[in-house]
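Chemist:
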């Protein structure tokens, strides 16, 4: 007689295995980013990982496959699994970004994040100025108003995130849109970690600077939009760049 496993039971087992895999990926990934396993060092063997996390070998193998896909580790038969140099990691992977953003002192990561924003966001704003319509611009101005009237840091951060995401979308470039979504997610995490000492005093200035971007886009002034976006990014970097959260000891 053939025993048929109930569908609900099978689904539950798969879901538990998936959750366990996510947990192991999370723990090893965070440890690698934190430097607990430096580049070229070996991570524990599969049996040790199974015991460490109380999971099966199947879960460990799947977790390692995920980390390999992120460019963080490399596995070789009869040798083991070693950590790859950080410049070989997929820095546009959402988990890798999130792990960096959650570090206790993510200063160097924040610097790199600032650099890449300064490369593509002003260009996106210039593109948006050639493509945005009246309704699109109205949405940008509404977000500027939300920045100015926000009553909490959380509301302020969400409005800021939505504004930049909207500009990237209005660029009409799918690559910029996708890239910006990932990087802005990481920046949002950093922004929420920072004790923004100037809030609420500084929000009016920030809102006005964002309004300058929206105004340039609405006017079809591409170079003005480019310059206004660069100003906003640089000002944001100066506000939090020397934060003790990002750079302990300063």
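Residue numbers (our numbering): 3 to 252. Cβ coordinates follow ideal geometry from the N, Cα and C atoms, glycine included. All of these numbers come straight from a predicted model, not from anything done at the bench.
#1: Look at residue 227 and residue 218 and say whether their C-beta atoms are less than 7 Å apart.
#2: From residue 155 to residue 169, what does the alpha carbon distance come to, in whole angstroms?
#3: Under the assumption that residue 143 contacts residue 79 (Cβ atoms under 8 Å), give the Cβ distance between them as a whole number of angstroms.
#4: With a cut-off of 8 Å on the beta carbons, I'd call residue 83 and residue 54 a contact; round off their distance for me.
#5: Looking at the unbroken beta strand (DSSP E) that takes in residue 257, where does it start and where does it end?
#6: How far does the beta strand (DSSP E) with residue 85 in it extend, from its first residue to its last?
#7: What first and last residue would you give for the alpha helix (DSSP H) that runs through residue 161?
#8: Within a Cβ cutoff of 8 Å, which residues of the same chain sit near residue 118, ignoring the five residues on either side of it in sequence?
#9: Relative to the C-alpha of residue 90, which residue among 74, 81, 99 is closest?
#10: Helix, strand or coil, according to DSSP, for residue 93 in the structure here?
#11: Just the C-alpha distance for residue 22 and residue 88, rounded to the nearest angstrom, thanks.
#12: Output the boundary residues of the alpha helix (DSSP H) element that contains residue 128.
#13: Give the secondary structure of residue 105 by DSSP, where H, G and I count as helix, E and B as strand, and everything else as coil.
#14: Can the beta-carbon of residue 95 be found less than 7 Å from the beta-carbon of residue 72?
#15: Taking the CB atoms as reference points, tell me whether residue 164 and residue 145 lie closer together than 7 Å.
#16: So the alpha helix (DSSP H) residue 257 belongs to, where does it begin and stop?
#17: Please name the residue, chosen from 175, 235, 152, 27, that lies closest to residue 100 on a Cα-to-Cα basis.
#18: Distance check for residue 236 and residue 229, CA to CA, integer angstroms please.
#19: At the 7 Å Cβ level, is residue 112 part of the contact set with chain B, yes or no?
#20: Please say whether residue 59 and residue 52 have beta carbons closer to each other than 7 Å?
#21: In terms of DSSP beta bridges, what is residue 322 paired with?
#22: What would DSSP say about residue 38, mapped onto helix, strand or coil?
#23: Hey, how far is the Cα of residue 102 from the Cα of residue 176?
Modeler: Quick answer:
#1: yes
#2: 21 Å
#3: Rounded, the Cβ-Cβ distance is 59 Å, inconsistent with contact.
#4: Rounded, the Cβ-Cβ distance is 14 Å, inconsistent with contact.
#5: Because the chain in this structure spans residues 3 to 252, residue 257 falls outside the shown range and cannot be described.
#6: 82-85
#7: 155-172
#8: 185
#9: 74
#10: coil
#11: 25 Å
#12: 109-133
#13: coil
#14: yes
#15: yes
#16: Within the shown structure, residues of the chain are numbered from 3 to 252, placing residue 257 beyond reach of any answer.
#17: 27
#18: 11 Å
#19: Among the chains in the structure shown there is no chain B, since it carries only a single protein chain.
#20: yes
#21: Here the chain comprises residues numbered 3 to 252, so residue 322 is not present and cannot be evaluated.
#22: coil
#23: 25 Å
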